[in-house]
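Everything below concerns the one structure shown next.
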Amino acid sequence: MSDQPLTGHECPGDPCTIVIFGASGDLTKRKLLPALYNLKALKLMPENFAVIGVAVSDSNDELYRTKITADIKEFATRPVDDKDWEDFSRRSYYIAGDFNNPETFKHLSAKIADVQKTWNLPGNVLFYLAVAPSFFAKVVEQLDIVGLTTETAGSWRRVIIEKPFGHDLASARELNADLTTHIAERQIYRIDHYLGKETVQNIMVFRFGNSVFEPIWNRRYIEYVQITVAEELGVELRGGYYDHSGVVRDMVQNHILSVLSLVAMEPPSSISGDSVRNEKVKVLEAIRPMEPEEILANTVRGQYGAGLINGKHVPGYRTEADVNPDSNTETFVAMKLQVENWRWAEVPFYIRSGKRLAAHTTQIVIGFRRAPLLLFGKNIENNIMPNRLVIHVQPDEGITLDIHAKRPGPSINIANVPLEFSYSDFGEHTAATGYETLLYDCMIGDTTLFHRYDSVDASWRIVNPILDIWQALKARDFPNYAAGTWGPEAADHLIEKTGHKWHHYLLDR
Ligand code: BG6
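Take a look at the structure:
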């Protein structure tokens with residue numbers, strides 16, 4: 013099974029020209045090129061395609077080919093086949109230009125026409141905006157001005173936009189209004205790399221491809237849901253960006269709320285982009301934005317101080333490069349949300365995420381209610397944990413269902429035992445970047461895994477009041493957790509108030 017297509021789709025994407033804005037950036041060399049190359053190796057890239065890189069740095073087609081050949085050697089996630097790469101490289105082009113200068117877009121338009129002629133390509137063009145958010149609207153406007161966003165007979169024009177989509181609700185709305193002046197919603201692919209992760213995509217298959225879970229997937233059987241996205245890494249070289257963002261904007265508004273909506277949504281009527289996205293947005297709309305006093309009671313923020321990660325001393329957040337030494341930015345959040353609908357009323361959804369935590373792990377825990385009758389004696393019952401389902405998003409992708417079994421022996425002695433499925437059971441998989449499925453889906457016009465604007469808006473409506481309160485009431489106790497721990501103690505108190513505990517899967521075993 014080792015080299016099966018990543019997505020299970022069989023047909024290659026539509027023949028197209030892929031234009032990458034930000035072609036000399038980190039995202040392009042570390043993720044996008046390796047992902048496109050993986051698609052080629054898996055025969056999911058159209059046979060006929062071309063890639064045009066656009067960036068400010070001075071270069072030309074030949075130099076660009078030399079550069080990406082060196083990059084792919086360094087960042088490919090699979091051995092590079094000379095023949096495949098040679099074809100990829102021949103089909104790669106470059107134009108230098110400032111995104112503020114309308115001339116760049118005239119050149120681009122001419123270059124696309126040229127390349128399409130050379131390779132006899134149809135009019136399909138995928139524009140990937142791997143650029144700073146301040147350029148999103150500008151680039152799209154200029155593309156429109158030179159006519160590059162116009163779809164003509166049977167051909168498509170699509171734009172992939174990276175996060176962050178806005179800095180808050182107002183700026184997200186403004187950005188969206190700017191974009192939709194020039195392109196239609198169906199042409200906008202708001203990417204979220206979490207939705208490209210195998211285990212996240214598997215949530216839907218797990219819920220709706222099995223008949224045993226859906227009947228119990230509700231408040232009668234589920235007591236709580238926990239989503240943890242913990243990183244050991246700090247802000248690395250992104251202090252400048254992160255200090256204006258913080259973990260709520262960086263992780264919760266997009267990745268975590270999107271994962272939560274997959275866990276909580278109603279079954280869609282089909283797997284098509286809009287059916288799934290209709291259900292996801294309903295979940296977000298059912299999370300009522302909190303009032304100020306609810307925010308104080310149901311959220312905890314933190315910022316890391318110096319500490320130990322894997323035995324190595326690491327500095328505190330405020331001394332990281334490009335971070336304000338008095339920064340009030342949160343690097344940790346824990347919160348309790350309520351999805352106010354019939355399926356989930358009164359079931360707490362606990363989410364937490366942070367940098368420089370004790371482990372690198374993303375997991376979703378579904379905590380089931382205790383069995384209704386104490387058949388085996390109170391003492392035994394008190395020692396056994398209620399059933400739990402854990403979706404290990406990363407690392408060690410898999411699913412575990414904790415159940416109870418009788419230990420062998422004459423008396424009744426009950427043990428908690430795991431039923432486990434691990435992705436490694438599928439055999440060895442070639443590592444991927446996580447962008448393969450998303451790029452491929454864009455090439456076939458499948459929007460399921462991309463954010464539609466209504467869900468972006470709904471997510472901002474949830475987090476914006478929290479950010480406003482935090483902005484108004486500066487944290488007095490930052491830094492309030494040491495690097496290498498599970499965040500501030502207040503995060504434990506938050507969940508203990510409702511009789512629960514954070515599930516530290518790696519440590520609980
Ligand atoms: C990005 C955030 O979207 O996701 C980063 O900007 C974060 O701050 C990263 O580190 C986490 O992604 P992953 O795939 O490593 O869990």
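Positions in the sequence shown are counted from 1; adding 12 to them yields my numbering. Every residue, glycine too, gets a C-beta built ideally from N, C-alpha and C. Owing to the predicted nature of the structure, the values given are computational and were not obtained by experimental measurement.
### Query
If you compare alpha carbons, which of Ser101, Pro360 and Tyr329 is closest to Glu508?
In the sequence shown, the residue the question calls residue 508 occupies position 496. Here the closest residue by C-alpha is Pro360.
### Query
Under the criterion of a Cβ to heavy atom distance below 7 angstroms, does Glu243 qualify as lining the ligand BG6?
Looking up residue 243 in the sequence shown gives position 231. Shortest gap from the CB of Glu243 to any heavy atom of the ligand BG6: under 7 angstroms.
### Task
Examine the Cβ distances between the segment 68–82 and the segment 477–490 and report whether three or more of them are shorter than 8 angstroms.
Touching, no.
### Message
Given the structure, does His267 come close to the ligand BG6, in the sense that its CB is under 7 angstroms from one of the ligand's heavy atoms?
### Response
Translated into positions along the sequence shown, residue 267 becomes position 255. Checking every heavy atom of the ligand BG6 against the Cβ of His267, one is found closer than 7 angstroms.
### Task
Just the C-alpha distance for Gly34 and Thr40, rounded to the nearest angstrom, thanks.
Your numbering for residue 34 matches position 22 in the sequence shown. Your numbering for residue 40 matches position 28 in the sequence shown. Distance between the alpha carbons of Gly34 and Thr40 is about 7 angstroms.
### Task
Drop a sphere of 10 angstroms on the beta-carbon of Ala242, count the other beta-carbons inside from all chains shown, and report buried for 16 or more, exposed for fewer.
Your numbering for residue 242 matches position 230 in the sequence shown. Buried.
### Unbroken alpha helix (DSSP H) run spanning Thr341, endpoints
Your numbering for residue 341 matches position 329 in the sequence shown. It is not in any alpha helix (DSSP H) - Thr341 carries neither H nor E in the DSSP assignment.
### Query
To the nearest angstrom, how far is it from the Cα of Trp498 to the Cα of Glu163?
Numbered from its first residue, the sequence shown carries residue 498 at position 486. Numbered from its first residue, the sequence shown carries residue 163 at position 151. Spanning the two alpha carbons is a distance of roughly 50 angstroms.
### Query
In this structure, what does DSSP give as the bridge partners for Val241?
Indexing the sequence shown from 1 puts residue 241 at position 229. Paired residue(s): Ser365 and Thr374.
### Message
Taking 7 angstroms as the cut-off, is the C-beta of Thr374 nearer than that to any heavy atom in the ligand BG6?
### Response
Along the sequence shown, one-based indexing puts residue 374 at 362. In this structure, Thr374 has its beta carbon less than 7 angstroms from a heavy atom of the ligand BG6.
### Message
Just list the residues that DSSP pairs Met347 with in beta bridges.
### Response
Here the question's residue 347 lines up with position 335 in the sequence shown. Met347 is bridged to Thr311 and Ile363.
### Task
Please list, in chain order, all residues of the same chain as Gly25 whose beta carbon is under 6 angstroms from its beta carbon, the five residues on each side excluded.
One-based indexing of the sequence shown puts residue 25 at position 13. Around Gly25: Pro58, Tyr452, Met455 and Ile456.
### Integer-rounded CB distance, given that Lys150 should sit under 8 angstroms from Gly246
What you label residue 246 is simply residue 234 of the sequence shown in a count that begins at 1. What you label residue 150 is simply residue 138 of the sequence shown in a count that begins at 1. Rounded, the Cβ-Cβ distance is 31 angstroms, inconsistent with contact.
### Message
Taking 6 angstroms as the limit between beta carbons, can you name the residues of its chain near Arg355, skipping five residues before and five after?
### Response
Indexing the sequence shown from 1 puts residue 355 at position 343. Close CB contacts of Arg355 within its chain, under the 6 angstroms cut and outside five residues either way in sequence, are with Asn230 (chain order).
### Query
How close, in whole Å, do the beta carbons of Val351 and Ile268 come, if the pair is a contact with beta carbons under 8 angstroms?
In the sequence shown, counting from the first residue as 1, residue 351 sits at position 339. In the sequence shown, counting from the first residue as 1, residue 268 sits at position 256. That pair is no contact at about 14 angstroms.
### Query
Under 8 angstroms, do Pro176 and Ser69 count as touching if we go by C-beta distance?
By one-based count along the sequence shown, residue 176 stands at place 164. By one-based count along the sequence shown, residue 69 stands at place 57. Result no, Cβ atoms of Pro176 and Ser69 do not sit closer than 8 angstroms.
#### Entry: Buried or exposed by the 16-neighbour rule on C-beta atoms within 10 Å, applied to Asp262
Translated into positions along the sequence shown, residue 262 becomes position 250. Classification of Asp262: buried, given that the 10 Å Cβ count is 16 or more.
### Task
Provide the residue span of the alpha helix (DSSP H) that contains Asn428, from first to last.
Position 416 of the sequence shown, counted from the first residue, corresponds to residue 428. Careful: Asn428 lies outside any alpha helix (DSSP H), inside the beta strand (DSSP E) at Ile426 to Ser434.
### Task
Taking only heavy atoms of the ligand BG6 into account, decide whether any of them is closer than 7 angstroms to the Cβ of Gln315.
Working through the sequence shown from its first residue, we reach residue 315 at position 303. Gln315 Cβ: outside cutoff for every heavy atom of the ligand BG6.
### Query
Using 8 angstroms as the limit for Cβ to Cβ distance, is Trp482 near chain D?
Here chain D cannot be found, since the structure has a single protein chain.
### Those residues which DSSP pairs with Lys418 across a bridge
Here residue 418 refers to the residue found at position 406 of the sequence shown. According to DSSP, Lys418 bridges with Ile426.
### Query
Hey, quick one: how far does the alpha helix (DSSP H) through Cys454 stretch, first residue to last?
In the sequence shown, counting from the first residue as 1, residue 454 sits at position 442. Taken as a continuous stretch (DSSP letters only), the alpha helix (DSSP H) holding Cys454 covers Glu448 to Ile456.
### Task
Using a threshold of 8 angstroms, state whether the C-beta atoms of Ala184 and Asp469 are closer than that.
Sequence index remark: in the sequence shown, residue 184 carries index 172 (1-based). Sequence index remark: in the sequence shown, residue 469 carries index 457 (1-based). Contact: yes.
### Task
Indicate, with yes or no, if the ligand BG6 has a heavy atom lying under 7 angstroms from the CB of Lys175.
On the sequence shown, position 163 is the one that residue 175 refers to. Correct: Lys175 has its Cβ closer than 7 angstroms to the ligand BG6.
### Query
Using the C-alpha atoms, what's the distance from Gly317 back to Pro17?
Against the sequence shown, residue 17 aligns to sequence position 5. Against the sequence shown, residue 317 aligns to sequence position 305. Any reading at Pro17 must be qualified, since the residue scores a pLDDT of 43, below 50, and its modelled position is unreliable; the value itself is stated next. Cα atoms of Pro17 and Gly317: separation of roughly 43 angstroms, rounded to the nearest angstrom.
### Message
Per DSSP, what are the beta-bridge partners of Tyr201 in this structure?
### Response
Reading the sequence shown from its first residue, position 189 is the one you call residue 201. Tyr201 is bridged to Ile172.
### Query
For Pro17, which of helix, strand or coil comes out of DSSP?
Along the sequence shown, read from residue 1 onward, the residue named residue 17 stands at position 5. Because Pro17 carries a pLDDT of 43, less than 50, the predicted location of this residue cannot be relied on, and the following value inherits that uncertainty. Per DSSP, reduced to three states, the secondary structure at Pro17 is coil, with no helix or strand assignment.
### Query
In its own chain, which residues sit with a C-beta less than 7 angstroms from the C-beta of Val158, not counting the 5 before and 5 after it?
Locating residue 158 in the sequence shown gives position 146, counting from the first residue. Excluding positions up to five away in sequence, the list reads Phe117, Lys118 and Ser121.
### Message
Going by DSSP, what residue range makes up the alpha helix (DSSP H) through Gln265?
### Response
Start at 1 with the first residue of the sequence shown, and residue 265 comes out as number 253. First-last for Gln265: undefined, no H or E at that position.
#### Entry: Rounded straight-line distance, which links the Cα of Ile200 to that of Ala89
The sequence position of residue 89 within the sequence shown is 77, counting from 1. The sequence position of residue 200 within the sequence shown is 188, counting from 1. According to the sequence displayed, residue 89 carries Thr and not Ala. When rounded, the distance between both Cα atoms is 28 angstroms.
### Query
With 16 other CB atoms within 10 Å as the buried threshold, where does Leu524 fall?
Outside the displayed range of the chain (13 to 521) lies residue 524, so it cannot be described from this structure.
### Query
Cα separation between Arg289 and Asn214?
Counted from its first residue, the sequence shown places residue 289 at position 277. Counted from its first residue, the sequence shown places residue 214 at position 202. If you take the alpha carbons of Arg289 and Asn214, they lie about 16 angstroms apart.
### Message
For Glu235 and Arg419, which I take to be in contact (beta-carbon distance under 8 angstroms), what is that distance rounded to the nearest angstrom?
### Response
In the sequence shown, residue 235 corresponds to position 223, counting from 1. In the sequence shown, residue 419 corresponds to position 407, counting from 1. Wrong, their Cβ atoms sit about 25 angstroms apart, outside the cutoff.
### Message
Using a Cβ-Cβ cutoff of less than 7 angstroms, which residues in the same chain neighbour Val275 once the five nearest sequence positions on both sides are dropped?
### Response
Here the question's residue 275 lines up with position 263 in the sequence shown. So the list reads Ile215, Val237 and Ile376, once near-sequence residues are dropped.
### Message
Less than 7 angstroms separating the Cβ of His404 from some heavy atom of the ligand BG6?
### Response
Locating residue 404 in the sequence shown gives position 392, counting from the first residue. Result no, Cβ not under 7 angstroms from the ligand BG6.
### Query
At which residue ranges does the segment 129–186 contain complete alpha helix (DSSP H) runs of 4 or more residues, listed in the order of the chain?
148–157
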